[in-house]
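*Asks:* My structure is below; once you've seen it, I'll send some questions.
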Amino acid sequence: MILISLLAIALLTVAVAGFTVLNARRKAAASGESDSDSQSFVGGVLAALFTVVLAFYIVFAWQNGDDIEKASQHETNALIDVYWQASIAPQPHAADIQTTISEYTDRVADHEWLAHDAGGADPEAERLLAELRTQVLALPVDSEALKTSREQSLQDIRQITENRQERVTIATDDQSFNIVLLVASVLGAVLMIVFPLLIGLSMRPANVAVMAVLTATLGFTVYMSFALLQPFSGPFGVDPDSFNAAQETFSTAAGSAS
1429 MILISLLAIA LLTVAVAGFT VLNARRKAAA SGESDSDSQS FVGGVLAALF
1479 TVVLAFYIVF AWQNGDDIEK ASQHETNALI DVYWQASIAP QPHAADIQTT
1529 ISEYTDRVAD HEWLAHDAGG ADPEAERLLA ELRTQVLALP VDSEALKTSR
1579 EQSLQDIRQI TENRQERVTI ATDDQSFNIV LLVASVLGAV LMIVFPLLIG
1629 LSMRPANVAV MAVLTATLGF TVYMSFALLQ PFSGPFGVDP DSFNAAQETF
1679 STAAGSAS
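Our numbering puts the sequence shown at residues 1429 to 1686.
Next comes the structure, spelled out in structure tokens:
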């Protein structure tokens, strides 16, 4: 997919360079009758509007990925805390809770992340989280230590639920505002290329080179902008690294216990 996109950008660059040569020395440009001051002013306004819209889009789109990463880190920190809090609980409560936490972590990393990329959530992960909450609520409070551990675990589960919900909200959001900004950015990029061609350029090598570089740069920018719209995949997508790290922690702990 990346190679196809880069090939499309290269072909577009060649096409614009060729059009610049073929469209050179239009009557208005060749005769000196064109109003270069007005054209420069309009071109400057278009460039400024394109830059502003693109900047807003990048900020909002990038924020989604940053929010996912932070939420995932907070979620896994809480999962690890519940895992260790459960170690002081009597059996079989401790083993049940730690097993459910491991299954939930595996499910998010291996299945729910793919569901997020498709714009949804994994019902099984939600079921495992509900089961974990039930198991913690069923913990005995025979001692002050067990009571404190249970209360802390419930606070952690609340944090897990909130951060998971943030992930799900971002994944299922239609991103209508970001799409509007993206469409405006694409239109701005098109105008940035079309406007110089419409007003007419001479066939000087410098003009051809500038148009080729401009087209390649804007084409790559548009491609990257589309990639930013997918916060769970692509070159800017957030990977479930924190969940993978938690998986390793739980596996190491289970191996040590056995």
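Every residue gets a Cβ at the ideal spot worked out from N, C-alpha and C, and that includes glycine.
Runs of 4 residues minimum, wholly inside the segment 1571-1628: which ones carry the alpha helix (DSSP H) assignment?
*Replies:* Within the segment 1571-1628, the complete alpha helix (DSSP H) runs of at least 4 residues are 1572-1600 and 1604-1627.
*Asks:* Alpha helix (DSSP H) containing residue 1542: first to last residue?
*Replies:* Along the sequence shown, one-based indexing puts residue 1542 at 114. Counting along the chain, the alpha helix (DSSP H) containing residue 1542 begins and ends at 1541-1545.
*Asks:* Tell me the DSSP secondary structure of residue 1633 in three-state form.
*Replies:* Within the sequence shown, numbered from 1, the residue matching residue 1633 stands at position 205. Helix, per DSSP.
*Asks:* Below 6 Å CB to CB, which residues in the same chain sit around residue 1506 once its five sequence neighbours on both sides are set aside?
*Replies:* Indexing the sequence shown from 1 puts residue 1506 at position 78. Excluding positions up to five away in sequence, the list reads 1584, 1587 and 1588.
*Asks:* With residue 1581 and residue 1510 assumed to form a contact (beta carbons below 8 Å), what rounded beta-carbon distance in angstroms separates them?
*Replies:* By one-based count along the sequence shown, residue 1581 stands at place 153. By one-based count along the sequence shown, residue 1510 stands at place 82. 5 Å between Cβ atoms; contact.
*Asks:* Excluding five sequence neighbours on each side, which residues of the same chain lie with their C-beta closer than 7 Å to the C-beta of residue 1663?
*Replies:* The residue labelled residue 1663 in the question sits at position 235 within the sequence shown. Hits under 7 Å: 1655.
*Asks:* Where does residue 1519 fall in DSSP's three states?
*Replies:* Here the question's residue 1519 lines up with position 91 in the sequence shown. Reduced to three states, the DSSP call for residue 1519 is coil.
*Asks:* Closest by CA to residue 1559, which one among 1543, 1521 and 1540?
*Replies:* Here residue 1559 corresponds to residue number 131 of the sequence shown, with the count starting at 1. Here the closest residue by C-alpha is 1521.
*Asks:* Would you report the Cα separation of residue 1612 and residue 1487, rounded to the nearest angstrom?
*Replies:* As a first step, residue 1612 must be located in the sequence shown, where it is residue number 184. As a first step, residue 1487 must be located in the sequence shown, where it is residue number 59. Taking the straight line from one Cα to the other gives about 15 Å.
*Asks:* Looking at residue 1657 and residue 1603, is the spacing between their C-beta atoms short of 8 Å?
*Replies:* Position 175 of the sequence shown holds residue 1603. Position 229 of the sequence shown holds residue 1657. It is a contact, given that the beta carbons lie within the stated cut-off.
*Asks:* Taking C-alpha atoms, which residue in 1503, 1483, 1484 and 1476 lies nearest to residue 1669?
*Replies:* Along the sequence shown, one-based indexing puts residue 1669 at 241. Taking only the C-alpha atoms, the option nearest residue 1669 is 1503.
*Asks:* Using C-beta distances below 8 Å, list every residue in its chain close to residue 1556, excluding the 5 sequence neighbours before and after it, in chain order.
*Replies:* As a working note, residue 1556 is residue 128 in the sequence shown. The beta carbon of residue 1556 sits closer than 8 Å to the beta carbons of 1528, 1531, 1532 and 1535 from its chain, once the five residues preceding and following it are set aside; these are given in chain order.
*Asks:* Here's the rule I'm using: 16 or more other beta-carbon atoms within 10 Å means buried, otherwise exposed. How should residue 1516 be labelled?
*Replies:* As a working mapping, residue 1516 is identified with position 88 in the sequence shown. Label assigned to residue 1516: exposed.
*Asks:* Quick one: what does DSSP say residue 1551 is sitting in, helix, strand or coil?
*Replies:* Counting from one through the sequence shown, the residue named residue 1551 turns up at place 123. Note: residue 1551 maps to helix in three-state DSSP.
*Asks:* Answer with buried or exposed for residue 1541, where buried requires no fewer than 16 other C-beta atoms within 10 angstroms of its C-beta.
*Replies:* For the purposes of this step, residue 1541 is taken as residue 113 along the sequence shown, with counting starting at 1. By the neighbour-count rule (16 or more Cβ atoms within 10 Å), residue 1541 is buried.
*Asks:* So, under 8 Å CB-CB, residue 1661 and residue 1545 are touching, yes? Tell me the CB distance rounded to an integer number of Å.
*Replies:* Taking the sequence shown and counting its residues from 1, the one referred to as residue 1661 is at position 233. Taking the sequence shown and counting its residues from 1, the one referred to as residue 1545 is at position 117. Indeed they touch by this definition, with Cβ atoms about 5 Å apart.
*Asks:* Find out if the Cβ-Cβ distance for the pair residue 1537, residue 1596 is shorter than 8 Å.
*Replies:* Locating residue 1537 in the sequence shown gives position 109, where the first residue counts as 1. Locating residue 1596 in the sequence shown gives position 168, where the first residue counts as 1. Taking 8 Å as the Cβ cut-off, residue 1537 and residue 1596 do not qualify as a contacting pair.
*Asks:* Grouping DSSP H, G and I as helix and E and B as strand, with all else coil, what is residue 1660?
*Replies:* Residue mapping note: residue 1660 aligns to position 232 of the sequence shown, counting from 1. Note: residue 1660 maps to coil in three-state DSSP.
*Asks:* Less than 8 Å between the C-beta atoms of residue 1609 and residue 1481, yes or no?
*Replies:* Start at 1 with the first residue of the sequence shown, and residue 1609 comes out as number 181. Start at 1 with the first residue of the sequence shown, and residue 1481 comes out as number 53. In this structure, residue 1481 lies closer than 8 Å to residue 1609 by Cβ.
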